[in-house]
Amino acid sequence: MNHFQRKRGELCCEDVPLAELAAEVGTPAYVYSTATLRRHARVFKAALRGLDVLACFAVKSAPNLALLSLLAEEGFGFDIVSGGELYRALKAGGEADKIVFSGVGKREEEMEAALQARIHQFNCESEEELEQLSRVASRARKVAPVALRVNPEVDARTHPYVATALASSKFGVPAGRVRKAYRLAASLPGLKVVGLACHIGSQIDELGPFVEAAKKMRALFLQLRADGHDLRRLDMGGGLGVPYRERGRQPASPQRYGEALARALSGLEATVIFEPGRLLVANAGVLLSRVLLRKQGHAARKFVVVDAGMNDLLRPALYQAHHELEPVGRPRRGAEVVDVVGPVCESADVLAKRRRLPPLQAGDLVVLRTAGAYGMAMASQYNARPRPVEVLVDGRSWRVVRARESYADLVRGESV
Ligand SMILES: Cc1ncc(COP(=O)(O)O)c(C=O)c1O
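This is the structure in structure tokens:
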């Protein structure tokens, strides 16, 4: 359920017509719905009622301060992967004691900043990182609360670029080495072992891989406790998928996910940490763009060139991802098969390939749906294109929560 619906034929975000927004702020623009984000946050928490939960939003998926601040208001902590994300999370009003620092490589100054802020936990991903963190903590006369991210070797059956628990993945410590790694962690002066962590991948649409991971993690957790480690937290990562397509196979619901995980992890006497990103924010955002022109290619190939490109929304080029695309105004009668492409000088700059759409003309507004997660987060200035404006709608009102970049922004910090 999201709040991007047609009213008298015109696509709106909550009560604001998207055409009105485009006239005010221009295109391309990311537009987010407050009601959708709050609703997703509440549905997620309600789905996990059966467990003692700490929910930490994955900042990487949508790092805008206004979105983070909304989620902090909804009681979420944050999952971060860099000093920059720590800065953002704190600036947005996030509580340090609800911040988990993930990532396969952390710089020492990033560790120091997180120690100074007194974050909830560091998720380390190698024996070397444990030693490094212990050194940094000891130097700062602190003790770092730590969990080790294990690779439970579960095939998440998702796009290979977002599967993170295959035997070949760079992430986590292989399960066979975990007990030894915990003995090491327990012996290091700058660390306090508090938990165990995993994250098996992203855009996972079936429950099987999550249940398999939960069972493996449960067994390992109990084994480590029996070894004498005082584990209190089990971090199951993020990864539940969202419906990018209007029709066809739909991902498991948060309710079924919550029930399945509560069953697999019941009676563990641990706080279960979750790090959802996409699930909360993907359908709370769209990318609003304008048609620049139509172009006839070879034979019957027709192109619709829009003013948003792969630098604004990378997912189609990077993952061959599908985003539903539709006109903002009342759709014209008829249909044609077109490639909707951006202006970037790359053949990969195709936002919608061989898509059957109502006829589009120069000047029309279109939206790419489900663009709230890993959309603006992955935007770049490639081709010297300023990044889009971000707008947050709340009922009938809206505000710019990140200004469109200017040409001066493009060259900031450079010199001739
Ligand atoms: C460690 C970690 N946690 C959480 C997430 C969020 O995943 P998602 O947005 O699929 O929920 C990611 C993203 O890949 C991640 O790497």
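If you read the sequence shown in my numbering, its first letter stands for residue -16, the second for the next number, and so on. Beta carbons are placed, not taken as given, at the ideal position from N, Cα and C, and that holds for glycine.
Go to residue i, then tell me how far its beta strand (DSSP E) extends in each direction, as first and last residue.
i: P310; result: 308 to 310
i: G178; result: 174 to 180
i: V374; result: 372 to 377
i: D62; result: 60 to 63
i: L275; result: 268 to 279
i: V8; result: V8 -> not in any beta strand (DSSP E); alpha helix (DSSP H) instead, spanning 1 to 8.
i: Q344; result: Run containing Q344: none; DSSP gives neither H nor E here.
i: V350; result: 348 to 351
i: A41; result: 36 to 41
i: Q(-12); result: -13 to -10
State the Cα-Cα distance for the pair residue i and residue j, rounded to the nearest angstrom.
i: F154; j: R395; result: 34 Å
i: T10; j: V289; result: 10 Å
i: Y13; j: Y365; result: 17 Å
i: C328; j: L393; result: 18 Å
i: E36; j: L179; result: The sequence shown places Val at residue 36, not Glu. In a straight line, the C-alpha of V36 is about 14 Å away from that of L179.
i: A331; j: G292; result: 10 Å
i: N47; j: S363; result: 15 Å
i: S151; j: M(-16); result: 36 Å
i: Q99; j: A72; result: 14 Å
i: E419; j: E(-3); result: Coverage of the chain is limited to positions -16 through 399, which leaves residue 419 absent and any answer about it impossible.
i: V137; j: Y302; result: 20 Å
i: R337; j: L270; result: 19 Å
i: G76; j: S52; result: 6 Å
i: V194; j: E258; result: 16 Å
i: F(-13); j: R232; result: 21 Å
i: I183; j: L276; result: 42 Å
i: I102; j: Y70; result: 12 Å
i: A386; j: L34; result: 40 Å
i: F84; j: R(-9); result: 46 Å
Does the Cβ of residue i lie closer than 8 Å to at least one heavy atom of ligand 1?
i: P259; result: yes
i: G317; result: no
i: S152; result: no
i: Y357; result: yes
i: S64; result: Correcting the residue identity first, residue 64 is Val in this sequence and not Ser. Result yes, Cβ under 8 Å from ligand 1.
i: V269; result: no
i: A18; result: no
i: A196; result: no
i: G220; result: yes
i: T147; result: yes
i: G86; result: yes
i: A41; result: yes
i: H305; result: no
In terms of residues, what are the limits of the alpha helix (DSSP H) holding residue i?
i: R239; result: 237 to 248
i: T19; result: 17 to 30
i: P299; result: 298 to 302
i: Q413; result: The shown model of the chain, from -16 to 399, leaves out residue 413, and the question about it has no answer.
i: R166; result: 161 to 170
i: R101; result: Note, R101: premise wrong, no alpha helix (DSSP H); not H, not E.
i: R71; result: 66 to 74
i: D392; result: 390 to 393
i: L53; result: 48 to 56
Let me check understanding here. Comparing Cα to Cα, which of the options lies closest to residue i?
i: A5; options: P371, L393, E397, E388; result: P371
i: R22; options: E56, V42, G33, K(-10); result: E56
i: G358; options: D(-2), H306, Y165, G60; result: H306
i: L187; options: P143, D213, F204, G211; result: First, the amino acid is wrong: residue 187 is Ile here, not Leu. The candidate whose alpha carbon is nearest that of I187 is P143.
i: I82; options: K89, A41, L50, E108; result: A41
i: L31; options: A209, H212, F105, T254; result: T254
i: A38; options: A45, L54, S44; result: L54
i: K8; options: E111, W381, V399, R261; result: According to the sequence shown, residue 8 is Val rather than Lys. Cα-wise, what sits closest to V8 is W381.
Check: Does the region 278 to 289 come close enough to the region 237 to 249 that 3 or more CB-CB pairs lie under 8 Å?
Finding: Note that the region 237 to 249 does not touch the region 278 to 289; fewer than 3 beta-carbon pairs, one per stretch, sit closer than 8 Å.
Next item on the list: Inspect the CB distances between the region 10 to 23 and the region 360 to 379 and report whether three or more fall short of 8 Å.
Entry: With the cut-off at 8 Å, the region 10 to 23 and the region 360 to 379 touch.
Item checked: the region 222 to 230 contacting the region 262 to 273, beta-carbon criterion three pairs below 8 Å -> Taking 8 Å as the limit for Cβ pairs, the verdict is that the region 262 to 273 does touch the region 222 to 230.
Notebook entry, point to check: For the region 161 to 169 against the region 50 to 67, are there 3 or more C-beta pairs whose distance is under 8 Å?
Noted result: Under the 8 Å Cβ criterion, the region 161 to 169 does not count as touching the region 50 to 67, having fewer than three qualifying pairs.
Margin query: Whether or not the region 164 to 175 and the region 111 to 122 are in contact is what I'm after, with contact meaning three or more pairs of Cβ atoms, one per stretch, closer than 8 Å; do they touch?
Written below: Enough Cβ pairs lie closer than 8 Å, so yes.
Notebook entry, point to check: Can we say the region 190 to 207 touches the region 121 to 140, given the rule of at least three CB pairs closer than 8 Å?
Noted result: Yes, the region 190 to 207 touches the region 121 to 140.
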